[in-house]
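S.K.: Dropping a structure here in structure tokens format, bear with me for questions.
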């Protein structure tokens with residue numbers, strides 16, 4: 001944050017018309033928020049507006065580096081939701097499930113949910129960076145859930161034998177996106193956990209979810225059935241027409257026969 005203030009202050013100082021004031025502040029190694037206030041007082045309204053526009057651009061460039069607040073050390077919990085999109089119930093379920101897996105075969109799985117990734121970084125690559133950063137072991141697994149792009153990345157130690165690269169790729173590109181694309185992040189995270197735990201527990205890979213579609217067969221009648229029904233309706237209409245003409249004529253002749 002201090003670096004950000006310094007960068008903004010440089011923009012202000014560059015806009016100051018008074019060279020003496022500019023030299024006064026640039027001689028200092030750092031610029032505090034108090035100094036920024038003093039600098040703004042000396043700047044004109046036009047210069048402050050120019051500064052504001054420059055600061056917005058600068059903050060947009062610096063924000064990605066400030067946003068990834070991934071801890072340097074391994075966290076105490078198995079779920080780290082930096083994005084804040086996972087519900088409390090889903091986090092609780094994940095932690096209990098992963099704790100049970102750890103007690104069963106010693107495998108530790110860490111879920112890291114982030115809004116977006118550093119520029120040019122793939123989810124699997126980022127998971128590997130976190131794995132190295134936390135100095136994890138051979139039986140550890142890191143799962144990165146990148147919500148903005150609806151993808152996941154899995155990185156695991158050499159001691160994990162039941163999980164293959166193909167499976168981990170499928171989890172990241174098929175299992176998680178299946179619901180994450182609809183912004184159902186908690187449900188998508190649970191799907192990843194259920195599939196991963198099944199694999200790591202040597203119960204087999206249930207595979208990626210499949211879209212179950214309703215029977216889309218046509219409800220239109222065939223030409224043969226349509227022709228049969230049309231013939232039936234034609235016959236009924238013909239009978240009705242005959243009755244409509246014959247009955248009135250019979251009645252008419254009945255009344256006039258004696259005349």
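In the working numbering, the protein residues as written are 1 to 259. Even for Gly, the Cβ is constructed at its ideal location relative to N, Cα and C.
Rounded to whole angstroms, what is the Cα-Cα separation between residue 126 and residue 80?
M.R.: Position 126 of the chain shown holds residue 126. Position 80 of the chain shown holds residue 80. Cα-Cα distance, rounded: 14 Å.
S.K.: With DSSP as the reference, label residue 85 as helix, strand or coil.
M.R.: By one-based count along the chain shown, residue 85 stands at place 85. Three-state DSSP puts residue 85 in coil, outside helix and strand.
S.K.: Give every residue of the same chain whose Cβ lies closer than 6 Å to the Cβ of residue 110, excluding the five residues on either side of it in the sequence, and list them in chain order.
M.R.: Along the chain shown, one-based indexing puts residue 110 at 110. Non-local C-beta neighbours of residue 110 in its own chain, meaning closer than 6 Å and more than five positions away in sequence, comprise 78, 142, ordered along the chain.
S.K.: In the structure shown, what three-state DSSP assignment does residue 179 receive?
M.R.: As a position in the chain shown, residue 179 is number 179, starting the count at 1. In the structure shown, residue 179 sits in a helix (DSSP, three-state: H, G or I).
S.K.: How would you write the range of the beta strand (DSSP E) that residue 133 sits in, first residue to last?
M.R.: Within the chain shown, residue 133 is the residue found at index 133, counting from 1. It is not in any beta strand (DSSP E) - residue 133 instead sits in the alpha helix (DSSP H) that spans 123-133.
S.K.: Where residue 193 and residue 172 are concerned, what is the direct C-alpha to C-alpha distance, given to the nearest angstrom?
M.R.: Translated into the one-based positions of the chain shown, residue 193 becomes position 193. Translated into the one-based positions of the chain shown, residue 172 becomes position 172. Taking the straight line joining both Cα atoms gives about 12 Å.
S.K.: Kindly give me the distance between the Cβ atoms of residue 176 and residue 145, rounded to whole angstroms, as I take these residues to be in contact under 8 Å.
M.R.: Against the chain shown, residue 176 aligns to sequence position 176. Against the chain shown, residue 145 aligns to sequence position 145. Residue 176 to residue 145, Cβ: 6 Å. Contact.
S.K.: Confirm, please, whether the CB-CB distance from residue 123 to residue 102 is below 7 Å.
M.R.: In the chain shown, residue 102 corresponds to position 102, counting from 1. In the chain shown, residue 123 corresponds to position 123, counting from 1. Contact: no.
S.K.: Spell out the partners DSSP gives residue 152 in its beta bridges.
M.R.: The residue you call residue 152 lines up with position 152 of the chain shown. Bridge partners of residue 152: 145.
S.K.: Out of 229, 235, 250, 189, state which residue places its alpha-carbon closest to the alpha-carbon of residue 153.
M.R.: Taking the first residue of the chain shown as 1, we reach residue 153 at position 153. That would be 189, whose Cα lies nearest to the Cα of residue 153.
S.K.: If you follow the beta strand (DSSP E) that residue 110 is part of, which residue opens it and which one closes it?
M.R.: Numbered from 1 along the chain shown, position 110 holds the residue referred to as residue 110. Here the beta strand (DSSP E) through residue 110 covers 108-114.
S.K.: Exposed or buried, which one is residue 130 when buried takes at least 16 other CB atoms within 10 Å?
M.R.: Within the chain shown, the letter at position 130 stands for residue 130. Per the 10 Å Cβ criterion, buried.
S.K.: Please go through the same chain and pick out, in chain order, the residues whose beta-carbon is closer than 8 Å to the beta-carbon of residue 90, but skip the five residues on each side of it.
M.R.: For the purposes of this step, residue 90 is taken as the residue at position 90 of the chain shown. Cβ neighbours of residue 90 beyond the five flanking positions: 186, 187, 189, 190.
S.K.: In chain order, what residues of the same chain have a beta carbon less than 7 Å from the beta carbon of residue 157, not counting five sequence neighbours either side?
M.R.: The count along the chain shown starts at 1 and reaches residue 157 at position 157. Excluding residues within five positions, the ones whose Cβ falls inside 7 Å are 136, 137, 138, 139, 140.
S.K.: So which of 233, 247, 239, 147 has the shortest CA-CA distance to residue 182?
M.R.: To locate residue 182, count along the chain shown from 1; it is residue 182. Nearest C-alpha to residue 182: 147.
S.K.: Tell me which same chain residues have a C-beta within less than 8 Å of the C-beta of residue 99, skipping the five on either side of it?
M.R.: What you label residue 99 is simply residue 99 of the chain shown in a count that begins at 1. 78.
S.K.: I'd like to know whether the C-beta atoms of residue 92 and residue 113 end up nearer to each other than 7 Å.
M.R.: By 1-based counting over the chain shown, the position of residue 92 is 92. By 1-based counting over the chain shown, the position of residue 113 is 113. No, the Cβ-Cβ distance between residue 92 and residue 113 is not below 7 Å.
S.K.: Identify whether residue 191 lies in helix, strand or coil by the three-state DSSP scheme.
M.R.: By 1-based counting over the chain shown, the position of residue 191 is 191. DSSP places residue 191 in helix when its eight states are reduced to three.
S.K.: Taking the alpha carbon of residue 179 as the reference point, which residue from 107, 197, 241, 149 has its own alpha carbon closest?
M.R.: Mapped onto the chain shown, residue 179 falls at position 179. Closest by alpha carbon: 149.
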